[in-house]
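Below: the structure, in structure tokens.
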Amino acid sequence: MTLPLRAVIFDLDDTLFDDTSCTHAGLRVLAAQSGLSVPPAELFARHAAHIRAIDPLLFRGELTAHEARVLRFTRLLTELGVPDADGEAATVTYRESYRAAWAPLPGAADVLRDLRAAGLRLAVLTNYVREVQALKLAHFGLAALVDAVLCVEEVPAAKPDPRAYHAACAALAVTPQEAVMVGDSWEKDVQGARRAGLRAVWVNPCAAPVPDGVTRSVRNLQDLQRCAEFRA
């Protein structure tokens, strides 16, 4: 039997916060300043690969967020053939444009307010460090609209490990069967959550085919409350 819904757990980047657009903005300015002619999609993919390679060092506390950025851009520019790559200067250039482009996804604050008004408990569960994520949430006033924020260093393991979702449920004092996970990553926000016993809704702005043909998919946050998961 499906238990009544009592809590909603949100991913942050590209679920509540428009990280992809900000990243493209930062990379666009960095490419122009560095004289690069790499296609935007390729530059984005290369940059993402360096993030994946360096993040474990950040998560283990071996690097600060700033040090991780400097290493990332030193490696990226070196890989792209920029002579005497200056990761420190590249970090400053990128971050200025990235921060200038900061924006929540449309409807983020309104959805959180509406769900709170409906009596639901809310959390953010993110696979990134508090040093970075807390700034985003505070900047847009989203931190005040949720009951708990769990960053990667504060859970037993990152998504899609079941312990991440269970930690979020514990923080909200609900069981997994009483919670729904909302996020843009099929693996980390949908499959992982469902394996952990939660319901899940996939934020899928491009309307890609739903891999299992069953999971609820929405193109934007405004469609969330029309999902059956929110009426259970």
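Residue numbers (my numbering): 126 to 357.
Every residue, glycine too, gets a C-beta built ideally from N, C-alpha and C.
Please read these numbers as outputs of a predicted model, since none were measured by experiment.
ALA293 and PRO129 have their C-alpha atoms spaced approximately 17 Å apart.
Taking the Cα of LEU250 as reference, the smallest distance to any Cα among VAL277, LEU230, ALA166 and PRO231 is reached at VAL277. Taken in chain order, the complete alpha helix (DSSP H) segments of 4 residues or longer contained in the segment 311-341 are 317-320. In this structure, the alpha-carbon of VAL335 lies about 11 Å from that of VAL326.
When only Cα atoms are considered, PRO287 and ARG341 end up about 20 Å apart. For PHE142, the beta-bridge partners assigned by DSSP are ASP138 and PRO229. Taking the CA atoms as reference points, PRO208 sits about 43 Å from GLY232. For ALA283, the CB contacts under 7 Å within the same chain, skipping 5 residues up- and downstream, are ASN252, VAL277 and ALA289 in chain order. For LEU128, no beta strand (DSSP E) segment is defined, and its DSSP state is neither H nor E. Annotated as proximal: THR300 and GLY322, with beta-carbon spacing under 9 Å. Counted as a single uninterrupted DSSP element, the stretch harbouring ALA304 is not any alpha helix (DSSP H) but the beta strand (DSSP E) occupying residues 304-308. A direct Cα-Cα distance of roughly 18 Å separates ASP314 from ARG246. For ARG246, the enclosing beta strand (DSSP E) starts and ends at 246-250. By the neighbour-count definition (other C-beta atoms within 10 Å, threshold 16), GLN258 is a buried residue. With respect to ALA226, SER146 sits close: the two C-beta atoms are nearer than 9 Å.
The Cβ atoms of GLY212 and ARG200 lie closer than 9 Å to each other.
The continuous beta strand (DSSP E) containing ALA273 extends over residues 273-275. ARG194 is classed as buried because its beta carbon has at least 16 other beta carbons within 10 Å across all chains shown. Under the three-state reduction of DSSP, ALA132 is assigned to strand. If you draw a straight line from the Cα of LEU168 to the Cα of ILE176, it is about 12 Å long.
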